[in-house]
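Notes follow the structure.
Chains as they are written, first to last, in the numbering used here: chain A, 1 to 195; chain B, 196 to 572.
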């Protein structure tokens, strides 16, 4: 994984001892970080064979499953937090998955690369798909099928009655407050079911 | 490069304290055949128990001095530098009670009558096995296993360990297993049993006195079982529609290669295995249901478990499908147990759990590396 400055932002919202489900947990680094820093009780969900072995080696609980097949192994309200870190853009059935996150967890956290970041905009303006540390793939081999901007994500949440409770936008590990949809490369959102 | 544990010797432990079976039957004394590999550490914290499946036994790894080809049934998995590493762990394999490879079973002589137990050997359950295995652990001075590991019916025993003896097992590895059988799976077992029970040579289970063996029944039972252990694809790849003589002979002799293979497997098995043991093993499979006393609710059944779990299934296994493994995971998640689950892409159906597969072995190795790091040298 490239820039994981979102780890600290995510950890800051998670109280000690919380129960956490990390969707698309990769090699388990985030869960391991949360276990070490926040003493969370956690499980990861991952599809890649190689990552399953890495998670186990990292002493992280991992359940091999395809996120796009839903979260039927997990009960309603089983977790304090369900996290989707740098994975949203690679999910096929994004909207049902967001709903599943809020079925299984009391709160959700997502982080994703902001496609509205000025460098991405410039790349497209100059005629090329953006390739960067946040978006390290070529157009022909990218797993990212649902890239979005901060505005897009916030509109999506409004449409589906998901209430955003906190947001952290970063570039190179630094918090961005000025025109975040233009100057932020990574966004982290905390949300719950809207009323 | 991994090597074999080398020459091994089967051992035998005698138990004089009567064992009361779940059925209420009592076995006054019994023997268990077992083997061990590796060394038990000073605080006896590095022991692993391997539970066998339907046709397995205590000879898990290595070979016998007088029979260099007698490799243990899980020699690819258990040995120095192998995923279940005998340089690090003290590994115990046993032949389950009721078996036919050295432990007391229906073919053993009942000291009270001087004749084989036969039909008088009690119907045994997974719970009874775990009770007898716990006594073997006492005998070996093992208070708590670092891990109990099993595939298929062996996985059920590993699960039962976490329920019957929560304080005596730290990790459970349940591979290609299920929390309880489905109707379809029981149905397969029933057909297998019927093949044996209706063999004229069965004599109600007391065929030993008649100097015959219900070979035809046992052979059919194994042929049926074997079909369910392989995947459709594996069978198609291996045999397809290939004919032995290259042409149709318009009769009922063996023509297709698959027929020849199944008959060979059936004959081989029927020559080595005891029909009564086969009946007992399939019945133990059918009866196992940890939620029987909890109104069928696996969530409450697993509330007692204290171990950490690794659950593994294989994509083409339809006898113990990945779905069945998910039924193990859900109650563990419900109860907040530490659990990891890997679904291995393999073409070999249920038999995959016995085969060498790089990713499968990596998963087991990574898990047990963590287990050994908790254990003192």
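Glycine residues also receive a C-beta, built at the ideal position from the N, C-alpha and C atoms.
All values derive from a computational prediction rather than experimental measurement.
- Task: Measure the alpha-carbon distance for residue 528(B) versus residue 534(B) and round it to whole angstroms.
- Result: Working through the second chain from its first residue, we reach residue 528(B) at position 333. Working through the second chain from its first residue, we reach residue 534(B) at position 339. When rounded, the distance between both Cα atoms is 7 Å.
- Message: Could you check whether the Cβ of residue 83(A) sits closer than 9 Å to any Cβ belonging to chain B?
- Response: Position 83 of the first chain holds residue 83(A). No, because no Cβ of chain B sits closer than 9 Å to the Cβ of residue 83(A).
- Residues near residue 17(A) by beta carbon distance below 6 Å, same chain, minus five either side: Your numbering for residue 17(A) matches position 17 in the first chain. For residue 17(A), where only same-chain residues beyond five positions count, the Cβ hits under 6 Å are 39.
- Item | Member of 443(B), 438(B), 457(B) whose CA lies at the smallest distance from the CA of residue 451(B) | Mapped onto the second chain, residue 451(B) falls at position 256. Checked all of 443(B), 438(B), 457(B); the closest Cα to residue 451(B) is 438(B).
- Item | Any 3 or more C-beta pairs closer than 8 Å across the region 384-393 of chain B and the region 469-486 of chain B | yes
- Task: Out of 206(B), 255(B), 250(B), 283(B), state which residue places its alpha-carbon closest to the alpha-carbon of residue 568(B).
- Result: Residue 568(B) sits at position 373 when you count from the first residue of the second chain. Closest option to residue 568(B), Cα to Cα, is 283(B).
- Query: Is the number of C-beta pairs between the region 535-543 of chain B and the region 54-72 of chain A that are closer than 8 Å three or more?
  - Reply: With a cut-off of 8 Å, the region 54-72 of chain A and the region 535-543 of chain B count as touching, because enough Cβ pairs lie within range.
- Query: Can you name the residues that DSSP bridges to residue 206(B)?
  - Reply: Position 11 of the second chain, counted from the start, is the residue given in the question as residue 206(B). Paired residue(s): 229(B).
- Message: Give me, in chain order, the residues of the same chain whose beta-carbon lies closer than 6 Å to that of residue 573(B); leave out the 5 immediate sequence neighbours on both sides.
- Response: Any question about residue 573(B) goes unanswered here, given that chain B covers just 196 to 572.
- Take the Cβ of residue 122(A) as the centre, count every other Cβ of all protein chains shown within 10 Å, and call the residue buried at 16 or more, exposed below. Here the question's residue 122(A) lines up with position 122 in the first chain. Burial call: exposed.
- Item | Limits of the alpha helix (DSSP H) - the one that residue 234(A) falls within | As displayed, chain A neither begins before 1 nor continues past 195, which places residue 234(A) out of reach and without an answer.
- Closer than 6 Å by C-beta to residue 147(A): which residues in its own chain qualify, once you throw out the five before and the five after it? Chain order, please. Here residue 147(A) refers to the residue found at position 147 when the first chain is read from its first residue. Once the five neighbours on either side are set aside, the close Cβ partners of residue 147(A) are 89, 115.
- Query: Would you report the Cα separation of residue 459(B) and residue 424(B), rounded to the nearest angstrom?
  - Reply: Residue 459(B) sits at position 264 when you count from the first residue of the second chain. Residue 424(B) sits at position 229 when you count from the first residue of the second chain. Distance between the alpha carbons of residue 459(B) and residue 424(B): 16 Å.
- Query: In chain A, which residues lie less than 7 Å from residue 538(B) when you measure between Cβ atoms?
  - Reply: Translated into positions along the second chain, residue 538(B) becomes position 343. Residues of chain A passing the Cβ test: 64.
- With 16 as the cutoff for other CB atoms within 10 Å, does residue 181(A) come out buried or exposed? Translated into the one-based positions of the first chain, residue 181(A) becomes position 181. The residue in question, residue 181(A), is buried, as its Cβ has 16 or more Cβ neighbours within 10 Å.
- Query: Taking one C-beta from the region 345-353 of chain B and one from the region 312-325 of chain B each time, how about it: are there three or more such pairs within less than 8 Å?
  - Reply: yes
- Query: What runs of the alpha helix (DSSP H), each 4 residues or longer, lie entirely inside the region 511-557 of chain B?
  - Reply: 517-529
- Query: List, in order along the chain, the chain A residues whose C-beta lies closer than 7 Å to that of residue 368(B)?
  - Reply: By one-based count along the second chain, residue 368(B) stands at place 173. Those do not exist, as residue 368(B) stays about 12 Å from chain A at its closest Cβ, beyond 7 Å.
- Query: Below 8 Å, can you find three or more Cβ-Cβ pairs linking the region 124-135 of chain A to the region 99-106 of chain A?
  - Reply: The region 124-135 of chain A makes no contact with the region 99-106 of chain A, as fewer than three CB pairs between them are under 8 Å.
- Indicate, with yes or no, if the ligand ATP has a heavy atom lying under 8 Å from the CB of residue 422(B). As for the ligand ATP, it is missing from this structure, which has no ligand bound.
- Item | Positions along the region 554-570 of chain B whose CB lies within less than 8 Å of some CB in chain A | Within the region 554-570 of chain B, contact with chain A at the beta-carbon level (separation under 8 Å) is assigned to 554, 557, 558, 561, 562, 564, 565.
- Since I believe residue 45(A) is in contact with residue 557(B) (beta carbons under 8 Å), could you give me their beta-carbon distance rounded to a whole number of angstroms? What you label residue 557(B) is simply residue 362 of the second chain in a count that begins at 1. What you label residue 45(A) is simply residue 45 of the first chain in a count that begins at 1. Going by Cβ atoms, the distance from residue 557(B) to residue 45(A) rounds to 19 Å, so no, they are not a contact pair.
- Query: Looking at the structure shown, is residue 473(B) part of a helix, part of a strand, or coil, going by DSSP?
  - Reply: The count along the second chain starts at 1 and reaches residue 473(B) at position 278. Three-state result, residue 473(B): helix.
- Query: Going along chain B in order, which residues have a C-beta closer than 7 Å to the C-beta of residue 59(A)?
  - Reply: Mapped onto the first chain, residue 59(A) falls at position 59. Neighbours of residue 59(A) on chain B, chain order: 565.
- contact_flag[the region 241-255 of chain B, the region 158-176 of chain A] where n(CB pairs < 8 Å) is 3 or more: no
- Query: Under three-state DSSP, which class holds residue 175(A)?
  - Reply: Working through the first chain from its first residue, we reach residue 175(A) at position 175. Reduced to three states, the DSSP call for residue 175(A) is strand.
- Compare the beta carbon distance of residue 507(B) and residue 548(B) with 9 Å and say whether it is the shorter of the two. Against the second chain, residue 507(B) aligns to sequence position 312. Against the second chain, residue 548(B) aligns to sequence position 353. Yes. Within cutoff.
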